[in-house]
Structure formats: C-alpha cells, structure tokens
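Undergrad: Following this message is one structure expressed as structure tokens.
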C-alpha cells in the first residue's frame, strides 16, 4: 500500500487489525475491518481467542455481510503480517471473495496506520474510559455499541467533521443512477 490510505469510493480499500483488552477473567481480543473511504467499521469480532477462525475470520465475514457494495476485484484488504492475516485459511477466504490481499512490512506499525489509529481510539474512548472489564462478553457488547456510535454519531476530523455514515450517504447520492 506504500502508506497510501486513501480510497476513491467505499468498498475499495479495507484495513484490518487486532487489539486486546484485559478483563478480570483474562484477555478479550477484538478484530476490526475498516473501510478507508469513510472510516466506517464494516467488520468487528470480539472473542477470548485470537485463532484465525474465531476472530479475524468472523470480522471478515461480518464485513462481507454488512459492507454493501463491494467492487469485485477492486477491493484491497490491507493488514499487518500477523499470523492470522497471512494464514492459508484467511488468504483463501479473501481470494474466494475476490479481494486482493496486501500486507505491511514486518514491525512497522505505520504501514497499517489507520487500523492502528482505530485501535488506539477504541481503547481511549471505550476501553480505558469505561473499564475495568469483567468478561469477554461485557467487552463484546460494549464494543458493538461503540462501533455503532463510531459509524453513526462520532465526528471525524479527517472527514471534515462528518460521520462515516454521512460520508457514505453523500457518496452514493452523488453517483449516477444506473438504469441497466
């Protein structure tokens, strides 16, 4: 990606990452998939394990279900080189969905800066602000609420103080209607 985190339309570039949350009963892990165009979180999963099939695959499946218009082989999925994202299972799921994978360089968090930013804001705005957390289930429920708020209410400076939802709506309202 060469640190070019811009997209001309929704469903063209997604970034993904995993973060962790300490709870009184162990760790919770949250995976996000973010559409770069609008900064909308299109996929999320929170689990007690980082296993590929239990965490990032669920976030990817959520993204594929909820993202709406995906521009076929024009969609690029960017992540770090975490074992979950370079696994055969995850790579196969991307290929079967017509999504082109992109991975950052080893040990360079700037290579996935937008995803890292979302993780940091998630921790600042929700996890550290409302903890301590007692269970994975509690984190999961709060995360789903936070994602809804992020997508529909939170103003983003990078979006000229609009919400991800507003940016997507504005984009689709300005597109020509196809009668085909």
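Residue numbers (full-length UniProt numbering): 1 to 180. Here a beta-carbon is modelled for each residue, glycine too, at the ideal position from N, C-alpha and C. These numbers were taken from a predicted model, which means no experiment stands behind them.
1) Compute the Euclidean distance between the alpha carbons of residue 119 and residue 18, then round it to the nearest angstrom.
2) Can you have a look at residue 31 and say buried or exposed, based on whether 16 or more other CB atoms are within 10 angstroms of its CB?
3) Please classify residue 164: is it buried, with 16 or more other beta-carbons within 10 angstroms of its beta-carbon, or exposed?
4) Measure the alpha-carbon distance for residue 94 versus residue 148 and round it to whole angstroms.
5) Quick one: Cα of residue 28 to Cα of residue 41, how far?
6) How would you label residue 98, buried or exposed, when you count the other beta carbons within 10 angstroms and need 16 or more for buried?
7) Using CA atoms only, rank isn't needed, just tell me which of 115, 111, 142 is closest to residue 125.
8) For residue 84, count neighbouring C-beta atoms within 10 Å of its own C-beta (all shown protein chains included) and say buried if the count is 16 or more, exposed if not.
9) The beta strand (DSSP E) spanning residue 161 covers which residue range?
10) Determine the extent of the beta strand (DSSP E) in which residue 77 is found, giving its start and end residues.
11) Could you tell me how far apart the beta carbons of residue 158 and residue 39 are, in whole angstroms, since I believe they sit closer than 8 angstroms?
12) Taking 9 angstroms as the cut-off, decide whether the C-beta atoms of residue 78 and residue 115 are in contact.
13) Grab the span of the beta strand (DSSP E) containing residue 102 for me, first residue to last.
14) Going by DSSP, what residue range makes up the beta strand (DSSP E) through residue 40?
15) To which residues does DSSP link residue 13 through a beta bridge?
16) Since residue 26 is in the alpha helix (DSSP H), which residue starts that stretch and which ends it?
17) Take residue 138 and list the residues in its own chain whose beta-carbon comes closer than 8 angstroms to its own, dropping the five residues that flank it on each side.
TA: Taking the coordinates as given:
1) Working through the chain shown from its first residue, we reach residue 119 at position 119. Working through the chain shown from its first residue, we reach residue 18 at position 18. Rounded to whole angstroms, residue 119 to residue 18 spans 8 angstroms at the Cα level.
2) Within the chain shown, residue 31 is the residue found at index 31, counting from 1. Buried, because 16 or more other Cβ atoms sit within 10 Å of the Cβ of residue 31.
3) Indexing the chain shown from 1 puts residue 164 at position 164. So residue 164 ends up on the buried side.
4) As a working note, residue 94 is residue 94 in the chain shown. As a working note, residue 148 is residue 148 in the chain shown. Residue 94 and residue 148: Cα-Cα distance of roughly 25 angstroms.
5) For the purposes of this step, residue 28 is identified with residue 28 of the chain shown, where counting begins at 1. For the purposes of this step, residue 41 is identified with residue 41 of the chain shown, where counting begins at 1. Taking the straight line joining both Cα atoms gives about 19 angstroms.
6) Here residue 98 corresponds to residue number 98 of the chain shown, with the count starting at 1. Label assigned to residue 98: exposed.
7) Residue mapping note: residue 125 aligns to position 125 of the chain shown, counting from 1. If we check each option's Cα against that of residue 125, 142 comes out closest.
8) The residue labelled residue 84 in the question sits at position 84 within the chain shown. Burial call: buried.
9) Looking up residue 161 in the chain shown gives position 161. Unbroken run through residue 161: none, as it is neither H nor E.
10) On the chain shown, position 77 is the one that residue 77 refers to. Here the beta strand (DSSP E) through residue 77 covers 76-79.
11) As a working mapping, residue 158 is identified with position 158 in the chain shown. As a working mapping, residue 39 is identified with position 39 in the chain shown. About 7 angstroms; that satisfies the 8 angstroms criterion.
12) By one-based count along the chain shown, residue 78 stands at place 78. By one-based count along the chain shown, residue 115 stands at place 115. A contact, by the Cβ cut-off of 9 angstroms.
13) Working through the chain shown from its first residue, we reach residue 102 at position 102. Residue 102 -> beta strand (DSSP E) spans 100-103.
14) Here residue 40 corresponds to residue number 40 of the chain shown, with the count starting at 1. Counting along the chain, the beta strand (DSSP E) containing residue 40 begins and ends at 40-47.
15) The residue given as residue 13 occupies position 13 in the chain shown. Answer is 76.
16) Here the question's residue 26 lines up with position 26 in the chain shown. Here residue 26 belongs to no alpha helix (DSSP H); instead the beta strand (DSSP E) covers 26-35.
17) For the purposes of this step, residue 138 is taken as residue 138 along the chain shown, with counting starting at 1. If we look at residue 138 and ignore the five residues flanking it on each side, its Cβ neighbours are 23.
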